[in-house]
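A short write-up of the structure that comes next.
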Amino acid sequence: MELNGNVTDYHGEFADRADAGRRLAQALTRYQVLRPAVLAVPPGGVPVGFEIARALAAPFDVVEDPAGTWRSGRPPLSFAGRIAIVADDGSAPAGILRAAVRTLAAAGAASTVLAAPVAPPEMWYRVAAEADDAVCLLLPPDFRSVAFYYRDFPPVGDAEATDLLRRAGTP
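This note's numbering numbers the first residue of the sequence shown as 1 and each following residue consecutively.
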C-alpha cells in the first residue's frame, strides 16, 4: 500500500479533479499491464476515474448508477476476473468506499485497488484495509474539507458524469 502524508501544507495541491486523476494515474501505472477496470464512485470520482482509465487504457464505468442516467442505457461494465480500481476524489464517506470494495470483491473482481488523491488518514487506513491495495497521494494529518486540496472544486453534475462516461466509450 502506498500511503503518503509527510507534508503538512497541501492547500490547492490539485488544480481540479482531472489534474488529481492524472497524477493518481501515474501512481497506478504498474496496473496497466494487468488490464484493470476503473470504476468511479459518483459523482466526484467520475472525473478522477476518467483520467485514470484514459491513462491506463482501461475500461471505465461508475460503481453504481441507480437511476440509469449516467450510462445512457448501456449495461454495467463486467469486471469479473479483473483488477477493479475504485476511484474517488476524496469526498466519499468511508461506508460508501467500503461497500464498493466489498461489492466488487463479492461479484468476482480478481482484486480491488482503492485510489484517491486525498483522504483523511484515519478513515483511509480503515477503508484501505478492505482492499487488496490502496493508493492515496495525500494523507494530511490535519485534514480539512476535500475542497481545500483543490484550486477548482465545483460539483460534478449529471451532464458532466454522463459526458465522461460517453467519452470513455465503455463498457
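By construction, the Cβ of each residue, glycine as well, lies at the ideal position given by its N, Cα and C atoms.
Treat the numbers as computed from the prediction; the structure is a model and nothing was measured.
Endpoints, the beta strand (DSSP E) within which residue i is located
i    : result
P117 : S111 to V118
D163 : No beta strand (DSSP E) holds D163; the alpha helix (DSSP H) holding it covers D158 to A168.
V62  : F60 to V62
Chain-order list of residues whose beta-carbon lies under 7 angstroms from that of residue i (same chain, five-residue window excluded)
i    : result
E51  : A18, G21, R22 and A25
V156 : P43, G44, V46 and P47
Residue-chain proximity (residue i, chain C), Cβ-Cβ < 8 angstroms
i   : result
S91 : Annotation note: the requested chain C is absent from the structure, which comprises a single protein chain.
Pairwise C-alpha distance: residue j and residue i
i    : j    : result
T162 : G73  : 11 angstroms
P48  : A110 : According to the sequence provided, residue 48 is Val. The question's Pro does not apply to it. Approximately 22 angstroms between the Cα atoms of the pair.
R82  : E130 : 17 angstroms
A107 : D132 : 15 angstroms
S145 : A119 : 9 angstroms
D142 : S91  : 16 angstroms
D88  : V38  : 11 angstroms
L28  : V135 : 8 angstroms
L164 : E122 : 31 angstroms
F79  : A100 : 13 angstroms
P154 : R167 : 20 angstroms
T8   : L104 : Caution is warranted here: a pLDDT of 47 is assigned to T8, below 50, making its placement in the model unreliable, and the coordinate value is therefore given only provisionally. Approximately 33 angstroms between the Cα atoms of the pair.
E13  : A53  : 21 angstroms
H11  : F148 : 6 angstroms
D158 : P140 : 30 angstroms
G68  : Y31  : 29 angstroms
I96  : V33  : 28 angstroms
A94  : D65  : 19 angstroms
R71  : V63  : 11 angstroms
Residues sharing a beta bridge with residue i, DSSP
i    : result
I83  : S111
D133 : V113
Y150 : F14
V41  : DSSP output for V41 lists no bridge partner at all.
L138 : V118
Residue range of the unbroken alpha helix (DSSP H) whose run includes residue i
i    : result
L97  : A94 to A106
V127 : P121 to A128
Same chain, Cβ closer than 8 angstroms to residue i, five either side skipped, listed in chain order
i   : result
D16 : P47, Y150, R151, D152 and F153
Own chain partners of residue i with C-beta closer than 6 angstroms, once the 5 adjacent residues on each side are dropped
i    : result
T112 : A84, V101, L104, A105, A131 and D132
R98  : V127 and E130
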